[in-house]
Amino acid sequence: MTDITGIFRDEPVTHALVRDVRLPYGAGTLALITLDNGHDHTKPNTFGPQGLAELDAALDRIAARDDIAAVGVTGKPFIFAVGADLKGVPLIRAREDALAVARLGHRVFRRLGELPVPSFAYVNGAAMGGGVEIALHCAYRTISSGVPAVALPETFLGLVPGWGGTYLLPRLIGAERALTVIIDNPMAQNRMLNGRKARDLGIADAIFDSADFLEESLAWTARVLTGELTVERPEADTGAAWDEAVARTRWNVEGRFHGAAPSFTRALDLVAAAKDRTRDEGFAAEDEALADLIMSDELRAGLYAFDLTQKRAKRPAGAPAKDLARPVTKVGVVGAGLMASQLALLFARRLEVPVVLTDLDRERLDKGVGQAHGEIDTLLGKGRVSPDQANRLKSLITGSLTKDAFADADFVIEAVFEEMAVKRKVFAELEEYVSAECVLATNTSSLSVTEMASGLRHPERVVGFHFFNPVAVLPLLEVVRGERTDEATLATAFAAGKRLKKSCVLVKDAPAFVANRILLRLMAEIVQTVDEGTPIEVAERAAAPLGLPMPPFVLMGLVGPAIALHVNRTLHDAFPERFPLSEKFAAFVAAGKGGVYRPDLTLDPEAVEIFGGGTSPSTEEQVLDRALRALAEEIRIMLDEGVVAAPQDIDLCMILGAGWPFHLGGITPYLDRTGISEKVNGTRFLEPGVASLP
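Per our numbering, residue 13 is the first one in the sequence shown, and the count goes up by one each step.
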């Protein structure tokens, strides 16, 4: 076998520590393997070649013994294991080495299920990827009720669960449930299971409280070994139900990605074939799939995106020193509409400080506070908060018809109508009530923060704080620095954003900032082709290779055509040659249309008529090429203007704020790989080997 140890030279080795445990009820001795890389829970256990070799050696010693009744595997506190050591993957240059990694994981893990004694996995903490797969190779599994994350996220990154996941999981819990874990959850922005949900799906045989999890698991093990307890599992249906589950999932994957995400298709194919394959055949197929995908641009792009969201998002480029931030002990929200109520709940829930909303009349104010309280009731109904927490949150969110309620606030954010005159008036009024140190934040999606602050006595304390809708779901927060925003205000904004559990990106005060500017440039080009005579459905399909969460005109309907037109006008005023105003789009908005589709998802004939009349239609390929060229041009201009520090920040904004797919790595790697960057700008955005094969 190829020696791959040298490739993973910086591997944080997960050790396999073995100790004997005397089981109760006379069940004998269990050899307990504890996976531990020597770090605390902030550096989870992973598997590289050296760690797998240590586990292999431990199993050699155990297999040579004749005095043990069983083998158990558990993890260090809070962590079971989270899969392969992905840091070494970008260093793999040859398919032979990629294949060796795949085969090594299979060879070592499968030994747990092929020992002469039963094997037990005690999933005590987070388990992802190879961590789930090592448990699947065991004969039995218990899980702690406190486990926060169980997942097979490989497809999300551009891989497949290739150390047994696509073969063992569907044969354990059935194809439909397995595809939820392997395909559906990664496709839903990498949704996780908790311990109880994993047990309900049948991934674990038993669940115990975290306080005495290992003790209870060992007692359960003893009862299984003595025959007092028989573990019963429903047999997986390998007939028509399997094929139907695969067909349904394939339809969803194709509808979402249109062939643009090979990892999802490859994983689906492996699950489809698993029902008729032997274990050796299934594992061999996983080996080949892993080798192919490791040597793909999509995986390298996925790892780049993962690195952005896990590292760069936590250390924002250009953010000021943390010790400059002022404490936030009370928050004010100007406005009581839907966005304002969402913001109020987010601040109350994450900062745990009083939040006061204001509006012009009692009816609107009560409605806004009521919406926030209603969302708290929804969280309570879903078990996301306890009754005590719900009551506390409701007590934190109140309303006031007068702004003197903000006198002791440290942070006030406006969420009023997207009109400069309105926002300037609000800030001028606020200055009469708030302290000189109070941060004034605007949730504007496109207007100038600098202009909004002009005329104030303290323009230095105004900052852009642009959330994306829905506020509770999308993690991006664009922190916009006006020309006179000072370091303390900026530091306070970043500190608050972190406490809100948002990923902050520092943005220059430029029209529409980052995500909206790029999305509107894309929309402007596509709408222009429709103006010229391209059928709406053709223009809609043109963007399919990008694998976006929804097609452009569907997105426009979600955002709201009137809002899209408003932002487009802001951009047109700033850059008229690149953001033309479509008279047909304006007429579409004036007609009160909420989108181009009817409720049954067919095109609205009135929308087709409004956009009709053009005489120069384009093909799908022409529309896509034109849109991509426009994006490459706009991003180059934004970087030259210093809107953000680097292309990585553009990609971070598009991934977290617009749902740009991980397998593309954002937008700049895609433009580089397709050659568009060099055609338009004469150079790539990223160096070769960054988000692509070297």
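Yeah, the Cβ is synthetic: ideal placement off N, Cα and C, and Gly gets one too.
query                                                                                                                                                                   : result
Could you pull out every residue in the same chain whose Cβ sits closer than 6 Å to the Cβ of valine 120, ignoring the five residues on either side in sequence?        : Leu64, Leu67, Asp68
What are the residues that DSSP puts in a beta bridge with lysine 520?                                                                                                  : Arg493
With distance defined between alpha-carbon atoms, name the residue in Leu705, Pro700, Phe565 nearest to glycine 606.                                                    : Phe565
Does the Cβ-Cβ distance between glycine 207 and isoleucine 219 come in under 8 Å?                                                                                       : yes
Please determine if the region 687-694 and the region 338-356 are in contact, where contact requires at least 3 C-beta pairs separated by less than 8 Å.                : no
Quick one: which unbroken alpha helix (DSSP H) runs of 4-plus residues sit fully inside the region 572-635? Chain order, please.                                        : 573-586, 595-602, 617-623
Just to confirm, are alanine 673 and alanine 273 a CB contact at a threshold of 8 Å?                                                                                    : Alanine is not the amino acid found at residue 673; the sequence shown has proline there. Cβ atoms of proline 673 and alanine 273: closer than 8 Å.
According to the Cβ coordinates, are glycine 170 and glutamate 310 closer than 8 Å?                                                                                     : yes
Would you verify that the beta carbon of alanine 285 is, or is not, closer than 8 Å to some beta carbon of chain C?                                                     : Any reference to chain C falls outside this structure, which holds one protein chain only.
What span of residues does the beta strand (DSSP E) with methionine 140 cover, start to end?                                                                            : 138-140
To which residues of the same chain is alanine 348 closer than 6 Å at the C-beta, ignoring the five residues directly before and after it?                              : Leu369, Asp371, Arg376, Leu377, Gly380
Curious, which full-length beta strand (DSSP E) runs of at least 3 residues does the region 118-206 contain?                                                            : 131-135, 138-140, 152-156
Provide the residue span of the beta strand (DSSP E) that contains leucine 315, from first to last.                                                                     : Note, leucine 315: premise wrong, no beta strand (DSSP E); alpha helix (DSSP H) at 309-322.
Within its chain, find whatever has a CB closer than 7 Å to the CB of glutamate 463; leave out the 5 residues flanking it on each side and keep chain order.            : Met432
At 4 residues or longer, and completely inside the region 244-283: list those alpha helix (DSSP H) runs for me, N to C.                                                 : 252-269
Got a sec, what are the start and stop residues for the alpha helix (DSSP H) threonine 238 sits in?                                                                     : 225-238
Rounded to a whole number of angstroms, what is the C-alpha to C-alpha distance between lysine 406 and arginine 696?                                                    : 51 Å
With DSSP run on the structure shown, which of helix, strand or coil describes threonine 708?                                                                           : Missing from the structure shown is residue 708; the chain here goes from 13 to 706 and no further.
Whole angstroms is fine: what's the gap from glycine 18's alpha carbon to aspartate 109's?                                                                              : 11 Å
Count the CB pairs spanning the region 510-517 and the region 581-595 that are closer than 8 Å, and state whether there are at least three.                             : no
Give me the residue from Gly669, Glu298, Pro659 with the minimum Cα distance to alanine 703.                                                                            : Pro659
If you run the structure through DSSP and keep just helix, strand and coil, what is proline 700?                                                                        : coil
I want to know whether the region 301-308 touches the region 110-117 - three or more CB-CB distances under 8 Å.                                                         : yes
Skipping 5 residues on each side, what residues in its chain have a beta carbon closer than 6 Å to that of threonine 410?                                               : Val368
Identify which residue in Ser308, Val635, Asp217 has its Cα closest to the Cα of glycine 701.                                                                           : Ser308
Between glycine 50 and histidine 27, which are expected to be in contact by the criterion C-beta below 8 Å, what is the C-beta distance as a whole number of angstroms? : 7 Å
In or out: threonine 86 buried (at least 16 other Cβ within 10 Å) or exposed?                                                                                           : buried
If I'm right that valine 265 touches leucine 280 with Cβ under 8 Å, what's the distance once you round it to whole angstroms?                                           : 6 Å
Rounded to whole angstroms, what is the Cα-Cα separation between arginine 21 and arginine 641?                                                                          : 40 Å
Return the CA-CA distance between isoleucine 16 and leucine 205, expressed in angstroms with no decimal places.                                                         : 33 Å
Between which two residues does the beta strand (DSSP E) carrying valine 424 extend?                                                                                    : 423-426
Expressed to the nearest angstrom, what Euclidean distance is found between the alpha-carbon atoms of alanine 96 and isoleucine 306?                                    : 12 Å
Along the chain, where does the beta strand (DSSP E) that runs through phenylalanine 92 open and close?                                                                 : 91-93
Once DSSP output is grouped into helix, strand and coil, what is the label at leucine 241?                                                                              : coil
I'd like the span of the beta strand (DSSP E) that includes isoleucine 19, first residue to last.                                                                       : No beta strand (DSSP E) contains isoleucine 19, which DSSP labels as neither H nor E.
May I ask which residues mark the beginning and end of the beta strand (DSSP E) holding isoleucine 219?                                                                 : 218-220
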